[in-house]
Amino acid sequence: MKVMPEKVSLVIIGGGPAGLAAALEAQRQGLTDILLIERDQQLGGILNQCIHTGFGLHYFGEELSGPEYADRFSTAFTTAGIACLLESHVLEITPDRVLTVISPLGIRKIAAGAVILAMGCRERPRGALGIPGTRCAGVLTAGMAQRLLNLQGMMPGQSIVILGSGDIGLIMARRLTLEGAKVEAVVELMPYSSGLTRNVVQCLQDYEIPLLLSHTVVETHGRERLIGVTLAPVHPQSRKPDLAQTRFIACDTLLLSVGLIPENELSLGAGVVLDPATRGPRVDQRLGTSQPGIFACGNVLHVHDLVDDVSREAEQAARSAVAFLNETDLPAPQADFSTGRLPDQHLAAPAGWPFPEQPSLLPILAGPGIRSVVPQLISRDRIPETLRLAFRPARVYRSASICLRDGQGQLIIKSQRRILTPGEEARLTIPASHWPAVTAGHWQLSIEV
Amino acid sequence: MHDVVIIGAGVIGCAIAREVSRYKLRVLVLDQASDVCEGTSKANSGIIHAGYDATPGTRKAHYNVRGNPLVYQWAQELSVPCQNNTSLVLAFSETDLPRIDALIERGQQNGVTGLRKVSREEVLDREPLVNPAIAGALLAETGGIVSPYGLTIALAEHAAVNGVEFRLNCQVQALAHQTDLDGGQTNFIIETSQGPVQARAIVNAAGVFADRLHNTLSQDTLTITARRGEYWMLDKRIGAQFCATLFQLPTDKGKGILVTPTVEQTLILGPTSDPVPDKMDTRTTAAKLEEILEAAAQTWPGLRKDSFITSFSGLRAHLAEGDFRVGRVPDVPGYYLAAGIESPGLTAAPAIAIDLAELIATDFNLALKPEFLSPPPPIPGFSLKQLADPDELDNLAAEIARDPAMGRMVCRCEQVTEAQIRAAIRRPVGARTLDGIKRRTRANMGRCQGGFCTPRILEILAEELGCDSTDLTKSGGQSRILTGQLGVEA
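Sequence order for the protein chains is R and Y.
Heads up: the first sequence is residues 0 to 448, going by numbering that gives the first Met the number 0.
Heads up: the second sequence is residues 0 to 489, going by numbering that gives the first Met the number 0.
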């Protein structure tokens with residue numbers, strides 16, 4: 000039983016919304032030799048468990064449920080006859096794009112002309128927060144609860160406290176309430192919700208579920224199954240809990256909705272440089288990573304609020320990958336991305352980490368008020384018609400301006416916004432008409448009040 | 000009637016069970032928990048101590064030094080992950096250097112080999128992430144790391160293969176002994192939550208609860224306090240950057256906070272040491288978790304609060320006298336004791352078990368079985384490193400062709416397949432709980448902490464055990480994971 004390497008032009012890793020949209024777009028661009036690899040038994044990714052509506056308003060102009068949105072893409076994908084491996088797990092991608100894939104059918108080595116990373120993200124677990132207390136049953140992430148309930152018909156609990164007001168937590172507060180559970184409270188460390196405003200209104204306010212801002216869980220109780228949690232208010236600046244003002248809430252379940260982390264273990268193995276702020280690959284406007292021929296899109300690149308944006312982004316990654324395959328003469332920008340540091344130190348590096356001066360790459364720095372920005376770089380050899388920057392504000396702003404300035408502090412574009420919040424990723428479009436003469440140094444995006 | 004009943008299925012109880020299973024005996028191991036290795040043995044530093052730390056002349060020193068090579072040998076026999084990664088005891092100032100010499104001298108008195116003082120430069124060369132402000136260190140070449148639950152479970156499995164019966168979820172409620180005057184033989188009657196059990200000999204390996212059992216039998220009473228040790232665990236990417244186990248110089252409070260990679264390449268920081276009145280109280284606390292970070296940052300200044308996977312704690316069984324108690328109990332013939340087995344108990348376990356098995360064999364004039372069966376082969380798995388070898392790759396392909404479940408990935412973080420999870424359930428003393436699966440396969444132990452794989456593991460467990468998934472628990476008792484099924488009245 001010899002494992003022989005196979006050759007494929009474009010391999011897409013992940014059959015969720017990003018991977019499916021990328022595959023379809025690559026085919027529309029004329030590429031035929033495409034292979035999509037999916038871990039699960041079916042396509043669609045996390046959308047399959049998102050049975051609520053609110054998907055597709057931007058992409059399809061109508062409101063769909065998660066499975067419906069996924070179905071539009073997976074049906075098109077199947078109709079298009081694009082090759083796909085299900086129940087297949089990529090163990091490794093080498094820097095020169097050789098993949099090792101394991102599945103119940105065997106183990107394969109695939110040499111890819113180009114790779115699109117579309118692996119999505121995972122939830123931050125309890126341990127990462129270090130919530131003290133007992134390690135009993137009844138503490139789980141909101142997404143796991145969603146899977147248990149919506150795909151397996153299992154109730155994870157009856158009286159529930161949700162820590163974190165991320166979108167999945169908010170959606171699950173409503174979902175569990177509809178199934179007869181009592182959601183005692185949603186507890187949020189920050190003074191604002193980290194979810195979409197529409198979800199706060201439709202999932203909490205409509206069901207009279209209390210949202211406790213600037214609070215956190217300081218202890219879990221219960222030897223075998225959870226019997227309750229202790230909450231404390233947190234100091235508005237330091238966010239340290241005030242242990243003089245704790246209160247106990249009896250509950251049998253603590254759901255965690257405390258952040259999503261792009262799943263980049265494979266990317267790191269391939270030598271892809273990550274951004275400490277997004278925890279996804281650093282990319283240029285073509286969504287190319289530091290490794291030539293490896294592109295990234297969807298939640299593996301940065302956590303999105305709307306799947307519609309994921310689909311659009313994936314299509315861009317696919318066009319870039321096809322262009323890469325068609326124009327191998329184009330100089331690859333790989334060396335420019337790396338500072339030669341270890342990946343972990345990248346993750347730990349402070350915002351605005353040093354970046355070498357490169358003639359072909361223009362870094363876009365996250366300046367004051369900006370937590371993260373994607374893309375982080377502009378390849379000057381490919382100046383786009385319009386450039387779209389996606390960014391997350393560092394805190395809530397009312398009536399503020401988003402400013403993009405060049406290295407000399409000259410304003411390139413300014414955009415007024417009524418409200419900016421970390422819970423909603425914002426975008427800035429720079430039309431070609433505003434594209435200045437290419438200058439040295441970097442550009443900086445900031446929020447100015 | 001059993002010949003030997005062992006109370007407690009931690010590393011000591013399971014090691015003794017494995018050693019006495021060499022003889023023609025009916026052996027029963029009882030534990031109140033739902034699995035073996037649910038107490039102290041599952042939550043400790045997993046260190047194979049060299050033996051320089053214990054006071055010369057103590058049982059701790061004796062069993063540590065004898066146990067050290069045995070752990071390596073046993074781990075190899077049982078295919079348990081184990082690594083001779085060496086230990087370093089760091090001195091943070093010139094004035095601390097004489098204490099390194101004192102440790103070397105104490106170690107030599109204990110019979111430890113491979114101890115030497117190393118310079119700052121050598122330490123930094125071996126461990127580039129260590130605080131550059133150190134003055135020097137003790138290098139213990141025989142120091143190592145082992146999977147504590149891996150070792151305990153493998154011993155239980157090997158014992159079971161050789162006929163030892165394990166009765167779990169079985170709490171001992173009362174102990175009595177009666178002497179048959181004619182034959183002069185002692186019998187023990189053990190009242191348990193699953194009914195009475197009779198035995199000719201009993202072994203008390205009940206960890207933090209050993210005193211309670213002991214004091215109902217013997218006039219020579221014991222007092223065991225539970226000392227809680229809290230830990231942090233960090234991602235594999237971090238653990239891979241360290242090699243040796245890094246101790247700080249011991250203080251009167253114990254060995255201090257260590258920084259060590261585990262055999263699974265995660266990194267652990269800890270433990271603290273605090274007496275707790277409740278012997279089941281394995282809570283973690285904000286204050287202690289913070290204390291660990293401060294102390295560990297002295298060893299590793301680059302420590303940052305990201306890449307944390309989890310925090311946990313375990314209880315040490317501390318005897319007031321500060322040493323192990325191992326052996327016969329003079330006023331109760333047929334009763335054997337292994338009490339106060341705190342650090343370096345994991346390292347000491349093989350030597351303690353060998354001694355106790357020999358005592359029992361002598362006292363009861365036992366004969367060895369003609370055939371002592373080999374341990375079951377380990378759960379088949381693979382690592383990326385292995386797959387770099389084309390032959391290994393082809394082997395795995397052949398393996399998957401035989402059993403497709405071997406290619407069906409369930410736990411993506413630790414790369415555990417469906418075949419491995421099913422094997423963990425089907426093994427002798429197999430997994431019955433989510434935590435049982437975790438300790439046998441590592442599924443649920445990685446960076447997502449079971450976020451993705453738990454629903455699938457529950458399906459497999461329910462299927463294998465022939466039960467409803469709503470009956471499944473995290474670790475027995477009332478630790479149910481699900482509270483109901485949609486459309487089914489609770």
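Backbone N, C-alpha and C define an ideal beta-carbon position, used for all residues, glycine too.
Taking C-beta separations shorter than 8 Å and ignoring five residues to either side along the sequence, the partners of D2 (chain Y) in its chain run L24, R25, V26, A198, R199, A200 and F363, following chain order.
Note that the segment 348-359 of chain Y does not touch the segment 59-69 of chain R; fewer than 3 beta-carbon pairs, one per stretch, sit closer than 8 Å. In the structure shown, N364 (chain Y) falls within a coil segment according to DSSP collapsed to helix, strand and coil. Sequence-ordered contacts of the segment 409-424 of chain Y with chain R read R411, C412, Q414, T416 and E417 [C-beta pairs closer than 9 Å]. With its beta carbon less than 8 Å from one in chain Y, S102 (chain R) belongs to the interface.
With respect to the C-alpha of G12 (chain Y), the residue from Y:V28, Y:E391 and Y:P274 having the closest C-alpha is Y:V28. For C36 (chain Y), the secondary structure class from DSSP, reduced to helix, strand or coil, is coil.
No Cβ-Cβ contact shorter than 8 Å links E262 (chain R) with C402 (chain R). Taking a contact to require three or more Cβ pairs closer than 8 Å, the segment 15-26 of chain R and the segment 302-310 of chain R qualify as touching. In the displayed model, S256 (chain R) falls within coil according to three-state DSSP, outside both helix and strand. At least 8 Å separates the beta-carbon of G163 (chain R) from that of G422 (chain R).
Segment contact: the segment 140-147 of chain R against the segment 168-180 of chain R, three or more CB-CB distances shorter than 8 Å; contact assigned.
In the DSSP assignment, P369 (chain Y) falls outside any alpha helix (DSSP H), carrying neither H nor E.
For T215 (chain Y), there is no enclosing beta strand (DSSP E); the residue is found in the alpha helix (DSSP H) stretching over A209 to L216. Residue contact check for S272 (chain Y) against chain R: no CB pair falls below 8 Å.
Per DSSP, the beta-bridge partners of M408 (chain Y) are Y:T416. Taking the Cα of S398 (chain R) as reference, the smallest distance to any Cα among R:F390, R:P4 and R:V448 is reached at R:V448. Proximity of P403 (chain Y) to chain R, defined by a Cβ-Cβ separation below 8 Å, is satisfied. Residues of the segment 452-486 of chain Y whose Cβ lies closer than 9 Å to any Cβ of chain R, in chain order: T453, P454, L457, E458, S468, T469, T472, K473, S474, G475, G476, Q477, S478, R479, I480, L481, T482, G483, Q484, L485 and G486. Taking a cut-off of 8 Å on C-beta distances, the segment 371-384 of chain Y does not touch the segment 241-257 of chain Y, as fewer than three cross pairs fall below it. Identification of chain Y residues near M3 (chain R) by a Cβ-Cβ cut-off of 9 Å yields none; the smallest Cβ-Cβ distance measures about 10 Å. A distance below 7 Å between beta-carbons, with the five flanking residues on each side excluded, links L367 (chain Y) to the following residues of its chain, in chain order: R21 and Y22.
Cβ-Cβ distances below 7 Å link T420 (chain R) to Y191, P392 and V395 in the same chain, with the five nearest sequence neighbours on each side left out; the list follows chain order.
Between the segment 310-322 of chain R and the segment 272-287 of chain R there are three or more C-beta pairs closer than 8 Å, enough to call the two in contact. At a cut-off of 8 Å, the C-beta of F311 (chain Y) has a neighbouring C-beta in chain R. For Q107 (chain Y), the enclosing alpha helix (DSSP H) covers residues L96 to N109. Put simply, the CB of E178 (chain R) is near chain Y, with a gap under 8 Å to one of its CB atoms. With contact defined as three or more Cβ pairs closer than 8 Å, the segment 160-179 of chain Y and the segment 111-128 of chain Y are not in contact. Setting aside the 5 residues that flank it on each side, L150 (chain R) is surrounded in the same chain by Q48, each with a C-beta closer than 6 Å to its C-beta; the list follows chain order. By the Cβ criterion, the segment 79-86 of chain R is not in contact with the segment 219-231 of chain R, since fewer than three pairs of Cβ atoms, one from each stretch, lie closer than 8 Å. With respect to G13 (chain R), G43 (chain R) sits apart: the two C-beta atoms are not nearer than 8 Å. By the CB criterion at 8 Å, H157 (chain Y) and A338 (chain Y) fall outside the cutoff. In this structure, the straight-line span from the alpha carbon of L268 (chain Y) to that of G149 (chain Y) is close to 20 Å.
For S478 (chain Y), the closest of Y:I103, Y:L433 and Y:V4 by C-alpha to C-alpha distance is Y:L433.
Of the residues assessed, Y206 (chain R) falls on the exposed side of the cut-off, its CB having fewer than 16 other CB atoms within 10 angstroms. If you look at T440 (chain Y), you'll find it isn't in any beta strand (DSSP E); it sits in the alpha helix (DSSP H) that goes L433 to T440.
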